[in-house]
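Below: the structure, in structure tokens.
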Amino acid sequence: MPVMNVSSQFALVTLALILLAGCAPEQTPKADTTEQTTPQAKYDPPAQLPPAPEPAESPEPKEKPAGSVIDLGGNPEGLVADPETGLIAAGLRNPDRLALINGDSGEVVRNVDLSESPRHLSLAAPGGPVLVPAERANELVQIGLPQGEILSETPVGAFPHDAAAAPDGRIFVLNEMASTISVIEYGEVIETLETLRQPGGVAAASDGQVGVIGVRGLGLEVFNSESLKSLGRIDAGEGPTHVVAGPDDRFYVADTRGDAILVYEANPDLEQVARLPLDGGSPYGISIDDKRGQLWVTLTAENTVVRYDIGGGEPKEMNRYPTVRQPNSVAVDPASGRAFVASKTNSELQVINP
119 MPVMNVSSQF
129 ALVTLALILL
139 AGCAPEQTPK
149 ADTTEQTTPQ
159 AKYDPPAQLP
169 PAPEPAESPE
179 PKEKPAGSVI
189 DLGGNPEGLV
199 ADPETGLIAA
209 GLRNPDRLAL
219 INGDSGEVVR
229 NVDLSESPRH
239 LSLAAPGGPV
249 LVPAERANEL
259 VQIGLPQGEI
269 LSETPVGAFP
279 HDAAAAPDGR
289 IFVLNEMAST
299 ISVIEYGEVI
309 ETLETLRQPG
319 GVAAASDGQV
329 GVIGVRGLGL
339 EVFNSESLKS
349 LGRIDAGEGP
359 THVVAGPDDR
369 FYVADTRGDA
379 ILVYEANPDL
389 EQVARLPLDG
399 GSPYGISIDD
409 KRGQLWVTLT
419 AENTVVRYDI
429 GGGEPKEMNR
439 YPTVRQPNSV
449 AVDPASGRAF
459 VASKTNSELQ
469 VINP
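In our numbering, each residue's number is its place in the sequence shown (first place is 1) plus 118.
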């Protein structure tokens, strides 16, 4: 066998290393690696994150929807109810607009043109303004009530999906495709925070804690609204989508893929304290009635909305109501107690007066 010189040996070794690197499996994206190595004892996402969860495709309703149904148009999805003006804001499409609806009569009193249709809506405070994340415009729009004037348009990160206002007035906007949070104060972004992979739901508790759901990260992260420091991360089921904060400062998470509502406390430590099974229901839309201590959850697989009593510690189911088809969103007006359910499929708004 001929003897190779040193340069030939070096060339063969280099070639072998190149071929080995070419056969290696695709590396985990940087964002995933960061999440997996974050020192959180209760947060352990899988090595390969699954796709973001989606609501079930609802069947044709088997029962007449409870209450009354209003033809709204525009494939409504985002909803929020204002207890001071009695207005219901609904995000509509084709054309993109925000409809302001009289909660008593169901009449659309005003349409506000938008550059981009929103997915989720919330209030900066009772009486407004309405917080409208405009996904493809990469901005947060604030719309005043009751007149519907556009008060501000703030550039944020990639694909803003949801927003929530903390008691101190700071607004937390989730940038779903950037996996960041834009913190807004007086109409300007003052900080951009990194968070769980593909954040899709946010809620602010009265004690100043802000809960963020990573719909691909499969976790709940809680921030202090004043210091902007993370208080920790914790697993949030098999496929969480939305979160609300209750009057008890607990966070209620819709685990859509896991068919359950997960309940968390963050004081003194972040921990799961309850799991409400909703077998096969695919819970998705979720809303809190602070005044009555009630939680409303839509089941997209069953065209149903469930009402829970959360005022006595352990949540207790109160009622189930048949809904319009594809009930992706629900909003409750704490002033009247009415619940409003939007049908994305049939462009309807259902009004339930318990």
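The beta carbon of each residue, even a glycine, is placed where N, CA and C say it ideally should be. Computed from a prediction, not measured in an experiment: that's the story for all the values here.
In the three-state scheme derived from DSSP, where H, G and I count as helix and E and B as strand, GLU356 is classed as coil. For ALA184, same chain residues with a beta-carbon under 6 Å away, outside a window of 5 residues either side, are TYR439, PRO440 and ILE470 in chain order.
In the three-state reduction of the DSSP assignment, GLN316 falls in the coil class. Closest by C-alpha distance to GLY221, out of SER447, VAL198, GLU257 and TRP414, is VAL198. ASN446 is a Cβ neighbour of TYR402, given a cutoff of 8 Å.
For ILE428, the three-state secondary structure derived from DSSP is coil. Of the candidates THR463, GLU294, MET295 and ILE289, the residue whose Cα lies closest to the Cα of VAL301 is ILE289. With contact defined as three or more Cβ pairs closer than 8 Å, the segment 389–398 and the segment 206–226 are not in contact. Cα atoms of VAL448 and SER345: separation of roughly 32 Å, rounded to the nearest angstrom. Under DSSP, GLU306 shares a beta bridge with GLU303.
ASP366 and GLU435 have their C-alpha atoms roughly 17 Å apart. In this structure, the beta-carbon distance from LEU232 to VAL248 does not fall below 8 Å. Straight across, the Cα-Cα distance linking ALA392 with GLN260 is about 35 Å. Residue pairing from DSSP leaves ASN256 without any beta-bridge partner. Counting along the chain, ASP231 sits inside the beta strand (DSSP E) bounded by residues 226–231.
Taking C-beta separations shorter than 8 Å and ignoring five residues to either side along the sequence, the partners of ARG410 in its chain run GLY429, PRO452 and GLY455, following chain order. Shown here, ASN437 sits in a strand according to DSSP, grouped into three states. The continuous beta strand (DSSP E) containing ASP280 extends over residues 278–283. Here the segment 294–310 does not lie against the segment 350–367, with fewer than 3 beta-carbon pairs under 8 Å apart.
Rounded to whole angstroms, the Cβ separation of GLU466 and VAL442 is 5 Å, and the two are in contact under 8 Å.
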